[in-house]
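Enquirer:
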Amino acid sequence: MDGTTSVGIAVHYDVGFRSEPLGRTGFAHLFEHVMFQGSARVGPADHFRYVQAAGGTANGSTHQDYTDYYQVVPAQALERVLFLEADRMQALRITEQTLCTQRSVVKEEIRQTVTDKPYGGFPWTVLPSVLYSTFPNAHNGYGDFDDLDAATAAECRSFFHNYYAPGNAVVTICGDVIPQHAFDMVDRYFAGIPARPAPAPAALAEPMPTGQRSAVHTDRHATLAATAIGYRMPDAATDLTGYLAHMALSEILTGRDTSRLKHRLVHRDALVTDISTSCGLFGPLRARDPETFICVAMHTRQTPTERVLADIDDQIADLATSGPSDRELVQANALTSAAVWRGFDDLVTRTRALGAYELLFRRPQLVEDLGSLLASVTASDVATAAAALQPEQRAVLSLDARGGDAR
Numbered sequence: 004m005d006g007t008t009s010v011g012i013a014v015h016y017d018v019g020f021r022s023e024p025l026g027r028t029g030f031a032h033l034f035e036h037v038m039f040q041g042s043a044r045v046g047p048a049d050h051f052r053y054v055q056a057a058g059g060t061a062n063g064s065t066h067q068d069y070t071d072y073y074q075v076v077p078a079q080a081l082e083r084v085l086f087l088e089a090d091r092m093q094a095l096r097i098t099e100q101t102l103c104t105q106r107s108v109v110k111e112e113i114r115q116t117v118t119d120k121p122y123g124g125f126p127w128t129v130l131p132s133v134l135y136s137t138f139p140n141a142h143n144g145y146g147d148f149d150d151l152d153a154a155t156a157a158e159c160r161s162f163f164h165n166y167y168a169p170g171n172a173v174v175t176i177c178g179d180v181i182p183q184h185a186f187d188m189v190d191r192y193f194a195g196i197p198a199r200p201a202p203a204p205a206a207l208a209e210p211m212p213t214g215q216r217s218a219v220h221t222d223r224h225a226t227l228a229a230t231a232i233g234y235r236m237p238d239a240a241t242d243l244t245g246y247l248a249h250m251a252l253s254e255i256l257t258g259r260d261t262s263r264l265k266h267r268l269v270h271r272d273a274l275v276t277d278i279s280t281s282c283g284l285f286g287p288l289r290a291r292d293p294e295t296f297i298c299v300a301m302h303t304r305q306t307p308t309e310r311v312l313a314d315i316d317d318q319i320a321d322l323a324t325s326g327p328s329d330r331e332l333v334q335a336n337a338l339t340s341a342a343v344w345r346g347f348d349d350l351v352t353r354t355r356a357l358g359a360y361e362l363l364f365r366r367p368q369l370v371e372d373l374g375s376l377l378a379s380v381t382a383s384d385v386a387t388a389a390a391a392l393q394p395e396q397r398a399v400l401s402l403d404a405r406g407g408d409a410r
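Numbering (this note's numbering), first residue to last: 4 to 410.
(1) Assuming contact is defined by CB atoms lying nearer than 7 Å, are D71 and A13 in contact in what I supplied?
(2) Give the straight-line distance between the Cα atoms of E331 and A382, rounded to the nearest whole angstrom.
(3) For G214, count the other beta carbons within 10 Å of its own beta carbon; 16 or more makes it buried, fewer makes it exposed. Which is it?
(4) Have a look at A218 and V311 and give me their C-alpha separation to the nearest angstrom.
(5) Give the C-beta separation of T429 and G11 to the nearest angstrom, bearing in mind that I take them to be a contact with Cβ-Cβ under 8 Å.
(6) Could you give the distance in angstroms between the alpha-carbon of Y135 and the alpha-carbon of I113?
(7) I'd like the list of long-range same chain contacts for H164, defined as Cβ closer than 8 Å, with 5 residues on each side in sequence excluded.
(8) Can you tell me whether S375 is buried or exposed, with buried defined as 16 or more other CB within 10 angstroms of its CB?
(9) Hey, which unbroken runs of the beta strand (DSSP E) at 3 residues or more fall wholly within the segment 213-271?
(10) With a Cβ-Cβ cutoff of 7 Å, do S42 and L95 count as a contact?
(11) With C-beta atoms as the reference, is T241 less than 7 Å away from T257?
(12) In whole angstroms, give me the CA-to-CA distance for G233 and H266.
(13) Count the other CB atoms within 10 Å of the CB of G283; is the residue buried (16 or more) or exposed (fewer)?
(14) By the DSSP assignment, the beta strand (DSSP E) with Y69 in it spans what residues?
(15) Please identify the residue among G29, A80 and Y16 whose C-alpha is closest to the C-alpha of T7.
(16) Do you know whose CA, among A89, A154 and L33, lies nearest E111's CA?
(17) The alpha helix (DSSP H) with H32 in it runs from where to where?
(18) From this set, D349, E309 and T221, which residue's C-alpha is nearest D119's C-alpha?
(19) Excluding the five sequence neighbours on either side, which residues of its own chain have a C-beta within less than 6 Å of the C-beta of I97, listed in chain order?
(20) Measuring alpha carbon to alpha carbon, tell me which of H66, R44 and L274 ends up nearest Q93.
(21) Let me make sure I understand the geometry here. Which of P212, V75 and R83 has the alpha-carbon closest to that of D179?
(22) Cα-Cα, which of L338, A389, T308 and V269 is closest to T324?
(23) Whose C-beta lies closer than 6 Å to the C-beta of E209 among residues of the same chain, with five residues either side of it excluded?
(24) Would L151 pass as a contact of G29 if the rule is Cβ separation under 7 Å?
(25) P131 by DSSP, collapsed to three states: which one?
(26) So V385 is in the alpha helix (DSSP H); what residue range does that whole segment cover?
(27) Taking C-alpha atoms, which residue in R397, E361, H50 and S328 lies nearest to M236?
(28) Going by alpha carbons, who is nearest to Q305 out of A404, V299 and G326?
(29) What residues in its chain sit with their C-beta under 6 Å from that of M4, if we drop five residues either side in the sequence?
(30) Closest to F39 by CA distance: which of V129, N140, L288 and N62 is it?
(31) On a Cα-Cα basis, can you pick out the residue from T226, S401, L377 and L362 that is closest to C298?
(32) In the DSSP assignment, find the beta strand (DSSP E) that holds I12 and state where it starts and stops.
(33) Going by alpha carbons, who is nearest to V117 out of T128, S107 and Y167?
(34) In terms of residue numbering, what span does the beta strand (DSSP E) encompassing M301 cover?
(35) Under a Cβ-count criterion, where at least 16 other Cβ atoms within 10 Å of its own Cβ denotes burial, should P212 be classed as buried or exposed?
(36) Going by beta carbon distance, what residues of the same chain come within less than 7 Å of N140, once the five residues before and after it are set aside?
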């Protein structure tokens with residue numbers, strides 16, 4: 004698309020793997036694949052063909068609370084993409100053959116990215132089952148093969164009817180387009196789709212843990228052991244300041260080689276080979292509450308998990324008591340805000356974020372505000388965030404490495 008103005012188009016549906024029914028794990032991701040297999044006026048896999056023929060790209064992704072379908076095309080192809088998205092929203096074609104084919108594709112994806120790959124899906128596919136108790140929050144979104152095999156085309160049609168309705172979707176257009184022209188085209192293609200009642204939201208609320216929860220995950224391909232720690236985060240919808248403070252805290256703990264945990268555990272004590280922290284299973288602000296603050300340390304099999312936890316707890320406790328230094332805070336504010344601004348310069352990232360923030364929080368303006376809000380996080384905010392990471396309210400997942408001649 005060099006030399007051509009571009010536009011991003013995304014459709015977010017308010018359904019993710021936390022919406023899956025009991026006994027149908029992986030269903031939301033499987034259905035994401037089915038959505039590309041044809042509709043009333045579009046043949047199987049033709050969605051990709053039409054977008055690519057226009058010089059664009061297309062993809063989809065399943066998250067905890069939403070599934071999004073997104074493309075970037077030359078601006079003159081906007082109408083083509085809106086037609087494609089509206090056609091499958093109105094009349095998706097679902098057959099047993101399509102389901103069978105996509106079930107095989109999904110199972111092969113799981114083999115390549117999870118079961119047959121060192122550290123595949125670690126920790127996001129396993130850690131939630133330790134930290135959380137309810138089925139929506141705890142189960143593996145990739146799904147169990149038995150559940151995938153049991154899924155039927157009739158269930159797909161019901162899932163489509165319940166969740167892929169106009170009132171359960173957000174359409175986002177971002178880029179070089181006249182707003183009224185975009186509104187008119189959306190109205191042209193989507194207004195005639197019959198309305199259906201939006202489904203009730205998944206019941207996600209559950210109490211905080213009242214004691215440390217621990218489990219072991221065996222990986223027959225991994226050669227280094229690992230420890231993953233999960234903590235509950237503040238609700239971004241009601242305590243955005245607290246949530247953003249965890250993003251700053253993550254930067255202070257592991258964002259750079261000189262950060263607290265990397266300096267202490269990797270460089271000074273050589274206790275771990277690497278350590279990282281992150282907000283959210285898939286990144287910050289990509290899910291509703293409850294969401295997870297994650298710390299992952301890679302280490303030898305001889306390194307006691309208790310020693311790793313003790314050093315992490317020591318650094319977090321110091322931040323909770325004394326807060327970050329002025330230098331740490333300035334660096335964290337600058338780096339987190341700069342990363343946000345840099346990310347939103349990308350058209351795909353910006354388009355997807357606008358739709359996700361509207362669907363999850365009814366705050367699409369976060370795309371404009373987030374950088375400034377992160378730059379305004381205070382030392383007190385960070386100390387409060389650190390104090391919330393309590394050992395008695397966390398999950399600890401130990402990876403037992405069985406690959407090769409691991410030591």
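By construction, the Cβ of each residue, glycine as well, lies at the ideal position given by its N, Cα and C atoms.
Expert: According to the data block:
(1) Counting from one through the sequence shown, the residue named residue 71 turns up at place 68. Counting from one through the sequence shown, the residue named residue 13 turns up at place 10. Yes. Within cutoff.
(2) Numbered from its first residue, the sequence shown carries residue 331 at position 328. Numbered from its first residue, the sequence shown carries residue 382 at position 379. So the two alpha carbons sit approximately 9 Å from each other.
(3) Indexing the sequence shown from 1 puts residue 214 at position 211. By the neighbour-count rule (16 or more Cβ atoms within 10 Å), G214 is not buried but exposed.
(4) Position 215 of the sequence shown, counted from the first residue, corresponds to residue 218. Position 308 of the sequence shown, counted from the first residue, corresponds to residue 311. Distance between the alpha carbons of A218 and V311: 16 Å.
(5) Absent from the structure is residue 429, since the part of the chain shown begins at 4 and ends at 410.
(6) As a first step, residue 135 must be located in the sequence shown, where it is residue number 132. As a first step, residue 113 must be located in the sequence shown, where it is residue number 110. C-alpha separation (whole angstroms): 23 Å.
(7) As a working note, residue 164 is residue 161 in the sequence shown. Cβ-Cβ distances below 8 Å link H164 to R199 in the same chain, with the five nearest sequence neighbours on each side left out; the list follows chain order.
(8) Here the question's residue 375 lines up with position 372 in the sequence shown. S375 comes out exposed.
(9) Listed in chain order, they are 216-222 and 228-235.
(10) As a first step, residue 42 is located in the sequence shown; it is residue number 39 there, counting from the start. As a first step, residue 95 is located in the sequence shown; it is residue number 92 there, counting from the start. In terms of Cβ geometry, S42 and L95 form a close pair [threshold 7 Å].
(11) Working through the sequence shown from its first residue, we reach residue 241 at position 238. Working through the sequence shown from its first residue, we reach residue 257 at position 254. No.
(12) Indexing the sequence shown from 1 puts residue 233 at position 230. Indexing the sequence shown from 1 puts residue 266 at position 263. Here the alpha carbon of G233 sits roughly 21 Å from the alpha carbon of H266.
(13) On the sequence shown, residue 283 is found 280 positions in, with the first residue counted as 1. For G283, the number of other beta carbons within 10 angstroms of its own is at least 16, and it is reported as buried.
(14) Sequence index remark: in the sequence shown, residue 69 carries index 66 (1-based). Under the DSSP assignment, Y69 falls outside any beta strand (DSSP E); it carries neither an H nor an E label.
(15) As a working note, residue 7 is residue 4 in the sequence shown. Between T7 and the set G29, A80 and Y16, the nearest pair of CA atoms involves A80.
(16) Against the sequence shown, residue 111 aligns to sequence position 108. Nearest option by C-alpha distance: L33.
(17) Position 29 of the sequence shown, counted from the first residue, corresponds to residue 32. H32: member of the alpha helix (DSSP H) spanning F30 to V37, first to last residue.
(18) Sequence index remark: in the sequence shown, residue 119 carries index 116 (1-based). Measuring from the Cα of D119, the nearest candidate turns out to be T221.
(19) To locate residue 97, count along the sequence shown from 1; it is residue 94. Correct list, in chain order: A156, C159 and R160.
(20) Here residue 93 refers to the residue found at position 90 of the sequence shown. Closest by alpha carbon: R44.
(21) The residue you call residue 179 lines up with position 176 of the sequence shown. Of the candidates P212, V75 and R83, the residue whose Cα lies closest to the Cα of D179 is V75.
(22) Counting from 1 along the sequence shown, the entry for residue 324 is found at position 321. Checked all of L338, A389, T308 and V269; the closest Cα to T324 is A389.
(23) Counting from one through the sequence shown, the residue named residue 209 turns up at place 206. Leaving aside the five residues that flank E209 on each side, the residues in its chain whose CB is nearer than 6 Å to its CB run, in chain order, S136 and T137.
(24) Here residue 151 refers to the residue found at position 148 of the sequence shown. Here residue 29 refers to the residue found at position 26 of the sequence shown. Going by beta carbons, L151 and G29 fall inside the 7 Å limit.
(25) The residue given as residue 131 occupies position 128 in the sequence shown. P131 falls in the helix class under three-state DSSP.
(26) Here residue 385 refers to the residue found at position 382 of the sequence shown. DSSP places V385 in the uninterrupted alpha helix (DSSP H) bounded by A382 to A391.
(27) Taking the sequence shown and counting its residues from 1, one reaches residue 236 at position 233. Checked all of R397, E361, H50 and S328; the closest Cα to M236 is R397.
(28) Working through the sequence shown from its first residue, we reach residue 305 at position 302. Distances from the alpha-carbon of Q305 to those of A404, V299 and G326 put A404 closest.
(29) On the sequence shown, residue 4 is found 1 positions in, with the first residue counted as 1. Note that M4 scores a pLDDT of 46, beneath 50, so its modelled location is shaky; the value from the coordinates is reported in the next line. Closer than 6 Å at the Cβ level, and outside the excluded window around M4, lie G58 and P77.
(30) Numbered from 1 along the sequence shown, position 36 holds the residue referred to as residue 39. Of the listed residues, the one whose Cα sits closest to F39 is N62.
(31) Locating residue 298 in the sequence shown gives position 295, where the first residue counts as 1. The residue with the shortest Cα to Cα distance from C298 is S401.
(32) Position 9 of the sequence shown, counted from the start, is the residue given in the question as residue 12. Where I12 is concerned, the enclosing beta strand (DSSP E) stretches over S9 to Y16.
(33) Here residue 117 refers to the residue found at position 114 of the sequence shown. When each option's Cα is compared against that of V117, the closest is T128.
(34) To locate residue 301, count along the sequence shown from 1; it is residue 298. Taken as a continuous stretch (DSSP letters only), the beta strand (DSSP E) holding M301 covers T295 to H302.
(35) Here residue 212 is taken as the residue at index 209 of the sequence shown, counted from 1. Under this definition P212 is a buried residue.
(36) Within the sequence shown, numbered from 1, the residue matching residue 140 stands at position 137. Result list for N140: R21, P131, L207, E209 and P293, in chain order.
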